[in-house]
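Taking the numbering used here, the leading residue of the sequence shown gets 2, the next gets one more, and so forth.
Okay, so here's the structure we're looking at.
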Amino acid sequence: MELLWTLVFAVFLAVASHFFGQALPRNAFKEDRFPYRPFAFEKNGTVYRRLGVHKWMEFVPDMSRTFEDMVPKQMKKGMTSEDVRVLIKETCVAEFVHTLLCVVFLFVARIWADRTWIFFWLIYSACNLPFIVIQRYNRPLLVRLLRHMEARESRAAHTAEEALTEQ
């Protein structure tokens, strides 16, 4: 019976996390502040590249492909700096939700009479860890892309402004 309740709890959290994540205010997440800014040991995502994240991240389930109310997590041709800003915020939200899931799943300890819950918590956390790693890998790349796009847009605006003043 404990196993059944553990599975029900895991499914409930999976469904509830979608709605919770969608309800979170994106402007509350600051990618340049703790805990979302890169830690020194991450070397702006380089450590995750060494783990081969860029090779396996496409094989991890992406809920934005299933739910139409989610922002697609794919880079597309013709994206604007605002589109990239949205993706950066989405990486923060996704990291927050997956981390929170690991913490909330600690309540599985209340279901089990013995320490078997630790096994299930470790499995659950291990299943969420790749999603957290993907966000921490992608965010520095997206921030660099955003800075590059903003610089290009600024140069283009400055050039257009000069052209207008010459006329």
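Cβ coordinates follow ideal geometry from the N, Cα and C atoms, glycine included.
Small disclaimer: the values here were computed from a predicted structure and weren't measured.
Extent of the continuous alpha helix (DSSP H) run through residue i
i	result
G22	3 to 24
R50	47 to 51
Same chain, Cβ closer than 8 angstroms to residue i, neighbours up to 5 away in sequence not counted
i	result
I89	E32, R140, L143, V144, L147
Residue burial classification, residue i (beta-carbon count within 10 angstroms, cutoff 16)
i	result
H159	exposed
P62	exposed
V104	exposed
H149	exposed
L52	exposed
V85	buried
Own chain residues within Cβ distance below 7 angstroms of residue i, not counting five before or after
i	result
V48	F42
H99	N129, F132, I133
Close beta carbons around residue i, own chain, < 6 angstroms, minus the five adjacent residues each side
i	result
F106	W122, Y125
task: Return the chain-ordered ranges of every alpha helix (DSSP H) run that is complete within the stretch 57 to 144 and spans a minimum of 4 residues.
output: For secondary structure counted as the alpha helix (DSSP H) over 4 or more consecutive residues, the stretch 57 to 144 holds these complete runs in sequence order: 82 to 105.
Given 8 angstroms, three or more beta-carbon pairs between the stretch 90 to 106 and the stretch 127 to 143: Enough Cβ pairs lie closer than 8 angstroms, so yes.
- request: Specify whether the stretch 107 to 123 and the stretch 21 to 37 touch according to this definition: at least 3 beta carbon pairs, one from each stretch, less than 8 angstroms apart.
  value: Not touching, per the Cβ criterion.
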